[in-house]
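Undergrad: Remember, the numbering used here sits 11 above the position in the sequence shown when you count from 1.
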Amino acid sequence: MTQAYPDPATSIQARSLSAAGFDDADIAVVGAGVIGTACALELARKGFRVRVLDSDAPGMGASFGNAGHMATEQVFPIADASLLTRIPGMLMDPTGPLRLDWRYLPRSIPWLVRLLWNLRPSPYQASVAGIRALNEVSLATWKTLLTSIDKTWLLRHEGSLLVHESEATAGELAHAMGRFSAQGVACERLSGDGVRQLAPSLTANIRGGLLFPETGHVMDPHQVVKDLAKAAEAIGVRFSRAEVTGGQASDVGIRLQTSGGVLEVPRVLVAAGAHSASLVASLTGVRVPLDTERGYHLMLPREGGRLPMAVTSLERRFIMTPLAEGLRLAGTVEFAGLQRPPRMERAWRLRQLAEGMFSQPLDEAEATPWMGFRPSLPDSLPIIDRAGPEDRVLLAFGHHHLGLTQAAVTARLIGQFTSLEHETLEPGLPSPRPYRLARFA
Ligand SMILES: Cc1cc2nc3c(=O)[nH]c(=O)nc-3n(C[C@H](O)[C@H](O)[C@H](O)COP(=O)(O)OP(=O)(O)OC[C@H]3O[C@@H](n4cnc5c(N)ncnc54)[C@H](O)[C@@H]3O)c2cc1C
């Protein structure tokens, strides 16, 4: 049975380490993305002394430039069997929604094989159930979190649209609606006029769509992280600019090698997004099959009022979200690893995709492109767990396309791990079983 952590206020480990002259934090959080920062705040509220380490300022990784969509409707894994037939066509188009860098192929093959293996009915359904369990409480958990830091304006619970333009895709839309409904996702079929009543700027070519009322968007993904960090700092969390280059876990504590020196703490939380794998391997001995699906955005600062809610195109396979600082066009999946430079033409390509969606041309002045690393595991489930000697290693990474959506509930689960048994979670939280590290051990 897993042991509960001692009360932070009376933690002998914490006191003895600080008395020995090491860092006086109870927990070091590696990574100040939306996941690490939300977790740091939650842990501090539980009474732990928290130090967050990041090589950059909070929220400068994938959390900086995501589409801001509270995508609670996306309960399906990143691939399904029907996608397989379309993949060759997608790969032939160098600016299409999917790109595989052929030089990276040898490294991505094991991950892709696992992805295919997870398309079998049983693991596929397990992934759907795991994603759904997090998504079902995501919006409510975010509302509670943002209310607690007095930043409710950041979240709009106004729904989102999935639209289609071609008669040929009407069947695909109907099929999608059936699948969403079967998973309990609230959705409503709209005609073309019904779509335009909600989003009048969209072209008359839009034939119809689905409205997901139980979704929403944030007004500024980066601001969300900055505000979480500010709230965390206000209750004592310390943020340090340092790259963690290695770590060891033992019965007496965690030793981290960082660009700012060695840090010894009783516990660590690994929340380094797509960069988490090597630290997890050295702390737990488990080599997780974490890869990155690189994604792009193009920000149009002069188009803030164009849409009232996030709109995804079924055929064009990208999303447009109205943010405080303009319209964000986002999407595409690129397998090219963490090292290769971005191909910003993929971000600029989003401009052409978007142009076809509106009856009036978009103002592209001052548009800025961006690329980020989605942290993706081949079963489309994150790792939210505790591991290592005396459960000293907490883990929260691998949220692929849904890291923003699932950050608040992830933080709640991580908070539970520090004081309670898995079996006695606070009511309303999903069981953490589907997100265990052991599935890759
Ligand atoms: C184009 C795009 C669109 C997206 N749209 C959405 C969306 O609409 N809705 C949604 O829910 N999700 C979306 N996502 C996914 C979401 O952005 C990610 O899942 C989420 O940001 C992951 O958060 P994170 O905190 O785990 O990682 P990150 O935000 O990447 O944070 C990890 C942090 O760890 C730091 N770090 C890494 N290694 C080290 C180290 N060794 N030492 C110290 N620090 C380190 C990094 O500097 C970084 O700050 C999108 C992603 C992309 C790319």
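Beta carbons: idealized from backbone N, C-alpha and C, even for Gly.
Fair warning: this is a prediction, and the values are worked out from it, not measured in the lab.
1. Helix, strand or coil: which one does DSSP assign to HIS410?
2. For HIS80, which option in LEU415, PHE428, ARG444, GLU437 has the closest C-alpha, if you only look at C-alpha atoms?
3. State the Cα-Cα distance for the pair MET368 and VAL276, rounded to the nearest angstrom.
4. How many Å lie between THR269 and LEU172 at the Cα?
5. Could you check what DSSP says for ARG444 in three-state terms: helix, strand or coil?
6. Using alpha carbons as the reference points, say which of VAL322, GLY257, GLY348 lies closest to ASP463.
7. Cβ atoms of ARG266 and VAL273: under 8 angstroms apart, would you say?
8. Looking at the secondary structure, which residues open and close the alpha helix (DSSP H) in which GLN363 lies?
9. Along the chain, where does the beta strand (DSSP E) that runs through VAL63 open and close?
10. Is the segment 410-429 touching the segment 362-376, taking contact as three or more C-beta pairs under 8 angstroms?
11. What's the gap between the Cα of THR96 and the Cα of GLU178?
12. If we count Cβ pairs, one from each stretch, closer than 8 angstroms, do we get three or more for the segment 296-310 versus the segment 339-357?
13. Out of curiosity, what's the CA-to-CA distance linking GLU377 and ALA335?
14. Can you check whether the CB of ARG200 is closer than 8 angstroms to the CB of LEU221?
15. Taking buried to mean at least 16 other C-beta atoms within 10 Å of its own C-beta, is TRP113 buried or exposed?
16. Let's see if you can read the secondary structure: which residues bound the alpha helix (DSSP H) around GLN208?
17. What are the complete alpha helix (DSSP H) segments, minimum 4 residues, inside the segment 192-265?
18. Use the C-beta contact count for ALA285: other C-beta atoms within 10 angstroms, 16 or more gives buried, fewer gives exposed.
19. Here's the rule: buried if 16 or more other CB atoms are within 10 angstroms of the residue's CB, otherwise exposed. What is GLU356?
TA: Well, looking at it:
1. coil
2. LEU415
3. 52 angstroms
4. 44 angstroms
5. helix
6. For residue 463 there is no data in the structure shown, the boundaries of the chain being 12 and 452.
7. yes
8. 356-366
9. 61-65
10. no
11. 20 angstroms
12. yes
13. 15 angstroms
14. yes
15. exposed
16. 203-209
17. 203-209, 232-245
18. buried
19. exposed
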